[in-house]
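Undergrad:
Protein chains: 2
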Amino acid sequence: MSGASFVIEALDGSARTGRLVLGRGEVRTPAFMPIGTAGSVKAMSAADVRAAGTDIILANTYHLMLRPGAERLARLGGLHHFMGWPHPILTDSGGFQVMSLARLRELGEDGVAFRSHIDGSAHFLSPERSMEIQHLIGSDIHMVLDECIAWPAGQDEARRAMELSTRWAARSRRAFADRPGRAVFGIVQGGTYAHLREASARALAGLGFDGLAIGGLAVGEGQALMLDTIEATVAHMPPALPRYLMGVGTPGDLLEAVWRGVDLFDCVMPTRSGRHGQAFTSRGRLNLRNARFAEDPRPLDDAPGEGAAATVPRAYLHHLLRAGEILGAMLLTAANVAYYQALMAALREAIAAGRLADAAAEIREGWARGIDD
Amino acid sequence: MSGASFVIEALDGSARTGRLVLGRGEVRTPAFMPIGTAGSVKAMSAADVRAAGTDIILANTYHLMLRPGAERLARLGGLHHFMGWPHPILTDSGGFQVMSLARLRELGEDGVAFRSHIDGSAHFLSPERSMEIQHLIGSDIHMVLDECIAWPAGQDEARRAMELSTRWAARSRRAFADRPGRAVFGIVQGGTYAHLREASARALAGLGFDGLAIGGLAVGEGQALMLDTIEATVAHMPPALPRYLMGVGTPGDLLEAVWRGVDLFDCVMPTRSGRHGQAFTSRGRLNLRNARFAEDPRPLDDAPGEGAAATVPRAYLHHLLRAGEILGAMLLTAANVAYYQALMAALREAIAAGRLADAAAEIREGWARGIDD
Chain A
145 MSGASFVIEA LDGSARTGRL VLGRGEVRTP AFMPIGTAGS VKAMSAADVR AAGTDIILAN
205 TYHLMLRPGA ERLARLGGLH HFMGWPHPIL TDSGGFQVMS LARLRELGED GVAFRSHIDG
265 SAHFLSPERS MEIQHLIGSD IHMVLDECIA WPAGQDEARR AMELSTRWAA RSRRAFADRP
325 GRAVFGIVQG GTYAHLREAS ARALAGLGFD GLAIGGLAVG EGQALMLDTI EATVAHMPPA
385 LPRYLMGVGT PGDLLEAVWR GVDLFDCVMP TRSGRHGQAF TSRGRLNLRN ARFAEDPRPL
445 DDAPGEGAAA TVPRAYLHHL LRAGEILGAM LLTAANVAYY QALMAALREA IAAGRLADAA
505 AEIREGWARG IDD
Chain B
145 MSGASFVIEA LDGSARTGRL VLGRGEVRTP AFMPIGTAGS VKAMSAADVR AAGTDIILAN
205 TYHLMLRPGA ERLARLGGLH HFMGWPHPIL TDSGGFQVMS LARLRELGED GVAFRSHIDG
265 SAHFLSPERS MEIQHLIGSD IHMVLDECIA WPAGQDEARR AMELSTRWAA RSRRAFADRP
325 GRAVFGIVQG GTYAHLREAS ARALAGLGFD GLAIGGLAVG EGQALMLDTI EATVAHMPPA
385 LPRYLMGVGT PGDLLEAVWR GVDLFDCVMP TRSGRHGQAF TSRGRLNLRN ARFAEDPRPL
445 DDAPGEGAAA TVPRAYLHHL LRAGEILGAM LLTAANVAYY QALMAALREA IAAGRLADAA
505 AEIREGWARG IDD
């Protein structure tokens with residue numbers, strides 16, 4: 145452990161609710177982190193992200209190191225001041241985006257060389273440099289650099305990448321500058337192979353991380369295999385540490401993973417879907433671009449919601465999307481983030497009351513019912 | 145007069161400050177109306193438009209009649225409910241956009257036939273149909289249909305269009321359904337010809353409008369000729385009626401026109417410029433895309449401002465614009481609208497205190513000084 149503490153306040157089956165205490169504030173868990181890729185949760189002001197019930201956001205090291213640059217961010221007082229978000233920020237290591245966005249990648253034991261997708265400039269990311277960049281950004285939770293493999297991957301490939309990631313995790317932990325209130329998380333890898341996940345989790349458990357993440361899921365394996373892999377992984381993660389499922393997912397994914405003992409999530413889904421006209425509601429997903437909403441006078445969700453999208457008719461949201469108005473993206477993004485945060489709050493409350501099974505059944509029933517019953 | 149009242153509370157030279165009292169609320173004058181073209185002030189929520197100090201917005205009849213359609217808007221409860229803006233809305237007549245956006249226009253004594261720039265569908269706008277559409281939209285201030293000519297125009301062309309507009313104004317006034325709290329404004333035309341402006345203003349003064357607008361300016365004639373024409377026009381407008389200068393302008397234009405007795409303004413400038421990275425401040429205009437702002441730690445404006453853009457560094461706004469983040473457009477639009485509204489509030493206060501000359505000199509001095517003194 146370095147500089148953060150995790151307090152579990154209640155258990156309900158495998159699910160837990162508690163608080164992750166960081167220097168810049170507390171994160172109520174289970175928690176959802178909206179994505180602030182390049183220093184902005186797309187189409188939302190920092191104040192609105194906060195008002196939606198957000199305790200912590202995620203920022204992408206890869207994007208920020210390329211633009212505006214880590215050293216420049218540090219000179220400007222760090223990311224929190226830069227973007228006007230004084231609350232906790234988790235930064236990823238940059239590894240996943242290097243694999244999915246960068247050009248001319250070359251991976252070796254020491255790290256990964258690549259060229260920027262923005263301007264072709266050459267960069268190098270090692271476990272140590274990733275920690276340094278996250279430090280310059282001012283991150284509250286640093287993530288170790290890992291190797292993210294494509295799915296499906298054979299067992300040998302998954303083992304090789306997991307073992308490299310474990311060696312990088314040890315280097316990352318050593319490179320992390322311990323400070324009160326700042327945390328560093330390891331990342332369990334191993335594809336969908338339970339015994340590799342176990343080996344990875346056991347190796348990381350001894351390295352003194354403040355939390356452990358489950359990486360390399362939601363990459364095409366499907367929900368059933370993802371949930372099986374989560375179960376197999378969580379079984380070998382130290383119960384006292386927060387568990388973070390990276391890059392997941394739909395409201396249904398979140399509910400299932402919380403049920404299996406996950407504490408922390410991030411995903412582009414509420415923000416990206418919002419920009420494309422899709423809303424998450426207590427009655428399931430709606431595509432507001434659909435012609436059926438052109439004269440629909442009802443508010444977006446039956447359940448009382450937060451923000452402007454909760455009070456205007458669906459026909460207005462439909463109109464904004466059809467007219468290409470930025471406000472359409474703004475209102476749906478805000479509504480989706482508010483829905484995700486309301487869902488997490490409901491799950492926290494249900495776990496604390498020992499009625500997660502009932503609450504989950506009610507939530508699933510609303511999604512299944514849809515808007516037309 | 146029909147359904148609105150205008151109370152002039154103080155005069156300072158030709159400038160006036162007062163209140164235009166409408167059924168949905170009061171408009172403090174001089175007032176600036178942000179443009180909500182298609183039922184949205186672009187990149188701003190209705191709540192943020194209000195919070196910036198806005199009493200009234202403008203919506204475009206042309207855009208709304210094409211999408212979502214006037215009858216559909218009426219079925220949905222009108223524009224105010226549709227967009228979640230319960231405060232006053234002024235609608236233009238549609239004439240200006242028909243001339244600048246629509247295809248296959250055919251103008252006659254009865255009105256103008258055209259095809260939609262969105263889907264090519266055929267439409268017809270007459271003085272009576274424009275009033276009907278504005279009624280269906282639920283407008284608080286209806287504008288008469290007029291013929292907008294290109295600049296420069298010869299005197300014969302300007303006279304012909306002005307006389308047609310006068311006949312249309314009489315038809316519009318008759319077609320307007322008088323209701324308490326709802327207003328209809330005439331529009332003075334006549335190009336840059338003082339005697340045509342005088343004839344237009346005198347003809348309209350007898351038709352029983354709640355206010356008169358000055359149309360056909362800021363179309364390429366330059367500020368000096370525009371201000372001369374405003375002076376020549378205002379001299380023949382009834383002092384008891386509010387005076388609305390359509391489609392103008394820069395902060396400097398607004399200050400000069402207020403000085404000459406104008407009460408009401410609309411312009412796309414703060415919103416459109418904001419989306420393109422230009423900020424209006426107490427130290428003049430800044431183009432935040434410029435490389436000089438890449439490491440500028442200062443807030444946007446020296447003067448204390450409203451909204452999120454007032455507290456983040458210029459370097460952040462620069463970064464958002466360079467990264468193509470929607471939030472860049474959002475923050476600069478909000479900052480510009482707030483600046484325009486703060487300027488109008490300062491002018492109202494100065495007029496009430498009888499110190500407009502001093503206040504105007506101070507404001508101009510700030511613009512001239514720039515950000516680097």
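Chains A and B, in that order, give the protein sequences.
Taking the numbering used here, the leading residue of the first sequence gets 145, the next gets one more, and so forth.
Taking the numbering used here, the leading residue of the second sequence gets 145, the next gets one more, and so forth.
Every residue gets a Cβ at the ideal spot worked out from N, C-alpha and C, and that includes glycine.
(1) State the DSSP-derived secondary structure class of A:Y337, mapped to helix, strand or coil.
(2) What residues in its chain sit with their C-beta under 8 Å from that of B:A319, if we drop five residues either side in the sequence?
(3) Decide if A:A246 is buried, meaning its Cβ has at least 16 other Cβ atoms within 10 Å, or exposed.
(4) Helix, strand or coil: which one does DSSP assign to A:N480?
(5) Tell me, please, whether the CB atom of A:R436 is closer than 8 Å to any CB atom in chain B?
(6) Return the residue from the list A:L461, A:G221, A:L500 that minimises the CA-CA distance to A:L155.
(7) Kindly indicate which three-state DSSP category B:A302 falls into: helix, strand or coil?
(8) Shortest alpha-carbon distance to A:Q485 belongs to which of A:P383, A:S316, A:R194?
(9) Is the beta carbon of A:L210 sitting closer than 8 Å to the one on A:G282?
(10) Could you tell me the alpha carbon to alpha carbon distance between B:A349 and A:A467, rounded to whole angstroms?
(11) By the three-class DSSP mapping on this structure, what secondary structure does B:M145 have?
(12) What is the residue span of the alpha helix (DSSP H) that B:V193 lies within?
(13) Mapping the DSSP letters down to three states, classify A:A256 as helix, strand or coil.
(14) Output the distance between the C-alpha atoms of A:Y460 and A:P395, rounded to the nearest integer angstrom.
(15) Mind checking if A:E439 is an interface residue toward chain B, Cβ cutoff 8 Å exclusive?
(16) For A:G160, which three-state DSSP category applies?
(17) Expressed to the nearest angstrom, what Euclidean distance is found between the alpha-carbon atoms of B:S260 and B:F240?
(18) When the Cα atoms are used, what is the spatial distance from A:L361 to A:R492?
(19) Alpha carbon to alpha carbon, how far is B:R458 from B:R315? Give it in angstroms, no decimals.
(20) Does the beta-carbon of A:V171 have 16 or more other beta-carbons within 10 angstroms, so that it is buried, or is it exposed?
(21) Please state whether DSSP places B:H463 in a helix, a strand or coil.
(22) Using a cut-off of 8 Å between C-beta atoms, extract the partners of B:I293 located in chain A.
(23) Enumerate in chain order the residues of its own chain whose CB-to-CB distance from B:T425 is below 7 Å, with the five nearest sequence positions on each side excluded.
(24) Any beta-carbon of chain B closer than 8 Å to the one on A:H420?
(25) Report the rounded CA-to-CA distance for B:S158 versus B:Y388, giving the unit in angstroms.
(26) Excluding the 5 residues flanking A:G428 on each side, which residues of the same chain have their C-beta closer than 6 Å to its C-beta?
(27) Select from B:T181, B:R442, B:I201 the residue whose C-alpha is nearest the C-alpha of A:G221.
(28) List the residues of chain A that B:M474 touches, going by C-beta distances under 8 Å, in chain order.
(29) Using only the alpha-carbon positions, how far apart do B:Y206 and B:F268 sit?
(30) Do you know offhand how far A:G197's Cα is from A:D502's?
(31) Taking just the CA atoms, how far does B:R326 sit from B:H279?
(32) Per DSSP, A:V392 is paired with what?
(33) If you follow the beta strand (DSSP E) that A:I515 is part of, which residue opens it and which one closes it?
(34) Residues of the stretch 168-179 of chain A in Cβ contact with chain B at a cutoff of 9 Å, in chain order, please.
(35) How would you label A:A384, buried or exposed, when you count the other beta carbons within 10 angstroms and need 16 or more for buried?
(36) Using the DSSP secondary-structure output, state which residues sit across from B:V363 in a beta bridge.
TA: According to the structure shown:
(1) Working through the first sequence from its first residue, we reach residue 337 of chain A at position 193. Residue state, collapsed to three classes: coil.
(2) Here the question's residue 319 of chain B lines up with position 175 in the second sequence. Close CB contacts of B:A319 within its chain, under the 8 Å cut and outside five residues either way in sequence, are with P271, E272, M275, E276 (chain order).
(3) For this step, residue 246 of chain A is matched to residue 102 along the first sequence. Counting the other Cβ atoms within 10 Å of the Cβ of A:A246 gives 16 or more, which makes it buried.
(4) For this step, residue 480 of chain A is matched to residue 336 along the first sequence. When DSSP states are grouped into helix, strand and coil, A:N480 belongs to the helix group.
(5) Taking the first residue of the first sequence as position 1, residue 436 of chain A is located at position 292. Answer no: the Cβ-Cβ gap between A:R436 and chain B never drops below 8 Å.
(6) The count along the first sequence starts at 1 and reaches residue 155 of chain A at position 11. Distances from the CA of A:L155 to each of A:L461, A:G221, A:L500 were compared; the closest alpha carbon is that of A:L500.
(7) The sequence position of residue 302 of chain B within the second sequence is 158, counting from 1. Under the three-state reduction of DSSP output, B:A302 falls in the helix class.
(8) Position 341 of the first sequence holds residue 485 of chain A. Ranked by Cα distance from A:Q485, the options A:P383, A:S316, A:R194 are led by A:R194.
(9) Against the first sequence, residue 210 of chain A aligns to sequence position 66. Against the first sequence, residue 282 of chain A aligns to sequence position 138. Result no, Cβ atoms of A:L210 and A:G282 do not sit closer than 8 Å.
(10) Counting from one through the second sequence, the residue named residue 349 of chain B turns up at place 205. Counting from one through the first sequence, the residue named residue 467 of chain A turns up at place 323. Taking C-alpha positions only, B:A349 is separated from A:A467 by approximately 38 Å.
(11) Locating residue 145 of chain B in the second sequence gives position 1, where the first residue counts as 1. The predicted position of B:M145 is uncertain, since its pLDDT is 45 and thus under 50; a value taken from the coordinates is nonetheless stated next. Annotated three-state conformation of B:M145 is coil, per DSSP.
(12) Position 49 of the second sequence, counting from 1, holds the residue named residue 193 of chain B. B:V193 -> alpha helix (DSSP H) spans 190-195.
(13) Residue mapping note: residue 256 of chain A aligns to position 112 of the first sequence, counting from 1. With the sequence shown as reference, residue 256 of chain A is identified as Val, and Ala is not the correct amino acid for it. The answer is strand: DSSP assigns A:V256 an E or B state.
(14) Locating residue 460 of chain A in the first sequence gives position 316, counting from the first residue. Locating residue 395 of chain A in the first sequence gives position 251, counting from the first residue. When rounded, the distance between both Cα atoms is 25 Å.
(15) Position 295 of the first sequence, counted from the start, is the residue given in the question as residue 439 of chain A. Using beta-carbon distances, A:E439 counts as an interface residue toward chain B, with a partner under 8 Å.
(16) Mapped onto the first sequence, residue 160 of chain A falls at position 16. The sequence as given places Arg at residue 160 of chain A; Gly does not occur at that position. Of the three classes helix, strand and coil, the one that applies to A:R160 here is strand, per DSSP.
(17) The sequence position of residue 260 of chain B within the second sequence is 116, counting from 1. The sequence position of residue 240 of chain B within the second sequence is 96, counting from 1. Distance between the alpha carbons of B:S260 and B:F240: 14 Å.
(18) Residue numbering aside, residue 361 of chain A sits at position 217 when the first sequence is read from its first letter. Residue numbering aside, residue 492 of chain A sits at position 348 when the first sequence is read from its first letter. Each residue's Cα considered, the two are about 24 Å apart.
(19) Numbered from 1 along the second sequence, position 171 holds the residue referred to as residue 315 of chain B. Numbered from 1 along the second sequence, position 314 holds the residue referred to as residue 458 of chain B. If you take the alpha carbons of B:R315 and B:R458, they lie about 52 Å apart.
(20) Residue mapping note: residue 171 of chain A aligns to position 27 of the first sequence, counting from 1. Taking every protein chain shown into account, the CB of A:V171 has 16 or more other CB atoms within 10 angstroms, so this residue is buried.
(21) The residue given as residue 463 of chain B occupies position 319 in the second sequence. In the structure shown, B:H463 adopts helical secondary structure according to DSSP, grouped into three states.
(22) Residue numbering aside, residue 293 of chain B sits at position 149 when the second sequence is read from its first letter. Proximity of chain A to B:I293 at the Cβ level (cut-off 8 Å) is not reached, the minimal Cβ distance being about 29 Å.
(23) Residue numbering aside, residue 425 of chain B sits at position 281 when the second sequence is read from its first letter. For B:T425, where only same-chain residues beyond five positions count, the Cβ hits under 7 Å are L444, D445, Y483.
(24) Mapped onto the first sequence, residue 420 of chain A falls at position 276. Not closer than 8 Å to any Cβ of chain B, the Cβ of A:H420 fails to qualify, so no.
(25) Here residue 158 of chain B refers to the residue found at position 14 of the second sequence. Here residue 388 of chain B refers to the residue found at position 244 of the second sequence. Those two C-alpha atoms are separated by around 15 Å.
(26) Translated into positions along the first sequence, residue 428 of chain A becomes position 284. W511, G514.
(27) The sequence position of residue 221 of chain A within the first sequence is 77, counting from 1. For the residues B:T181, B:R442, B:I201, the minimum Cα distance to A:G221 belongs to B:R442.
(28) Taking the first residue of the second sequence as position 1, residue 474 of chain B is located at position 330. Chain A residues near B:M474: A187, S189, I470, M474.
(29) Here residue 206 of chain B refers to the residue found at position 62 when the second sequence is read from its first residue. Here residue 268 of chain B refers to the residue found at position 124 when the second sequence is read from its first residue. Between B:Y206 and B:F268, the C-alpha separation is close to 11 Å.
(30) The count along the first sequence starts at 1 and reaches residue 197 of chain A at position 53. The count along the first sequence starts at 1 and reaches residue 502 of chain A at position 358. Looking at the two C-alpha atoms, the distance is approximately 23 Å.
(31) Position 135 of the second sequence, counting from 1, holds the residue named residue 279 of chain B. Position 182 of the second sequence, counting from 1, holds the residue named residue 326 of chain B. Taken atom to atom, the span from the alpha-carbon of B:H279 to that of B:R326 is near 10 Å.
(32) Locating residue 392 of chain A in the first sequence gives position 248, counting from the first residue. The partner list for A:V392 (beta bridge, DSSP) reads A:D410.
(33) As a working note, residue 515 of chain A is residue 371 in the first sequence. Element bounds for A:I515: n/a, residue is neither H nor E.
(34) Taking 9 Å as the cut-off between beta carbons, none of the residues of the stretch 168-179 of chain A comes near chain B.
(35) On the first sequence, residue 384 of chain A is found 240 positions in, with the first residue counted as 1. Result: exposed.
(36) Here residue 363 of chain B refers to the residue found at position 219 of the second sequence. B:V363 is not bridged to any residue.
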